[in-house]
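For reference, the structure discussed in these notes is given below.
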Ligand code: 13P
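Here is the structure:
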């Protein structure tokens, strides 16, 4: 049984003070919700503050990125152990903005994934095609490449027990152009099929696959009703606490 997971990726938004205000409001609003996993990914600077503010709530904190080395002369980088110590339990890896703007490859995703697992962080690995790739009928081939190369070396148990995948079509991110429910389901079913083929049925059935890209309070229910959509990775709409809680509430199994 895969509990729905709703994660807010704040990207480069919110100061420590703004993040604190959000977290303090969020805690009481979700205190009775035990049937949805809730994750907030603030900027590095606010991880500790948000984790402290959410300490006795059901919500977890994610980092938006890590470097794969444990420590060393890597100016500007932050390790998995460092974000874990600051209070993160999850980490987003290979977001399309990191792939596109910062040159992250599937090989880099693989190294960061191993570093996350070694530090007992739950990785949320992002995959997804560009508009050009979709229009060129390359979507499934791109997903195959990102899964095969990015998850190289993972065990079936790691996929089953820890890994979270996020399907985020690049053309749907920040554009207001959400994938249709059936486009999302088609991609998710394909991803789960590949997990079954490469890691076995148990891994495929247990791995969470989130959808991301222009998810909002008014479109999350339809997406969540699709059998292979296990949750959402939300950007812009996660910045407002009321909108975020509405999306969490609409993802509860009983309401779908
Ligand atoms: P938006 O929800 O703003 O489209 O962003 C999606 C995203 O990139 C989440 O990681």
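In our numbering, the protein residues as written are 1 to 256.
Backbone N, C-alpha and C define an ideal beta-carbon position, used for all residues, glycine too.
Classification of residue i by the beta-carbon crowding that lies within 10 angstroms, buried from 16 upward
{"i": "residue 242", "result": "exposed"}
{"i": "residue 136", "result": "exposed"}
{"i": "residue 69", "result": "exposed"}
{"i": "residue 99", "result": "buried"}
{"i": "residue 188", "result": "buried"}
{"i": "residue 22", "result": "buried"}
{"i": "residue 168", "result": "buried"}
{"i": "residue 56", "result": "exposed"}
{"i": "residue 32", "result": "exposed"}
{"i": "residue 155", "result": "exposed"}
{"i": "residue 228", "result": "buried"}
{"i": "residue 80", "result": "buried"}
{"i": "residue 14", "result": "buried"}
{"i": "residue 224", "result": "buried"}
{"i": "residue 148", "result": "exposed"}
{"i": "residue 146", "result": "buried"}
{"i": "residue 1", "result": "exposed"}
{"i": "residue 12", "result": "exposed"}
{"i": "residue 122", "result": "buried"}
{"i": "residue 17", "result": "exposed"}
{"i": "residue 4", "result": "buried"}
Assigned secondary structure, residue i (DSSP; H/G/I helix, E/B strand, else coil)
{"i": "residue 27", "result": "helix"}
{"i": "residue 232", "result": "strand"}
{"i": "residue 137", "result": "coil"}
{"i": "residue 253", "result": "helix"}
{"i": "residue 199", "result": "helix"}
{"i": "residue 117", "result": "helix"}
{"i": "residue 81", "result": "helix"}
{"i": "residue 13", "result": "coil"}
{"i": "residue 8", "result": "strand"}
Residue i Cβ short of 6 Å to the ligand 13P heavy atom set
{"i": "residue 173", "result": "yes"}
{"i": "residue 234", "result": "yes"}
{"i": "residue 214", "result": "yes"}
{"i": "residue 219", "result": "no"}
{"i": "residue 9", "result": "yes"}
Below-7 Å beta-carbon distance, residue i vs any chain B residue
{"i": "residue 76", "result": "Going by chain labels, chain B is absent from the structure shown, which holds only one protein chain."}
- request: Just list the alpha helix (DSSP H) runs in the segment 29 to 76, keeping only unbroken ones of 4 residues or longer that don't cross its boundaries, in chain order.
  value: Counting only unbroken stretches of 4 or more residues, the alpha helix (DSSP H) elements lying wholly within the segment 29 to 76 are 47 to 53, in sequence order.
- request: Would you list, in sequence order, the uninterrupted alpha helix (DSSP H) runs of no fewer than 4 residues that lie entirely inside the segment 135 to 217?
  value: 139 to 150, 156 to 161, 181 to 199, 201 to 206
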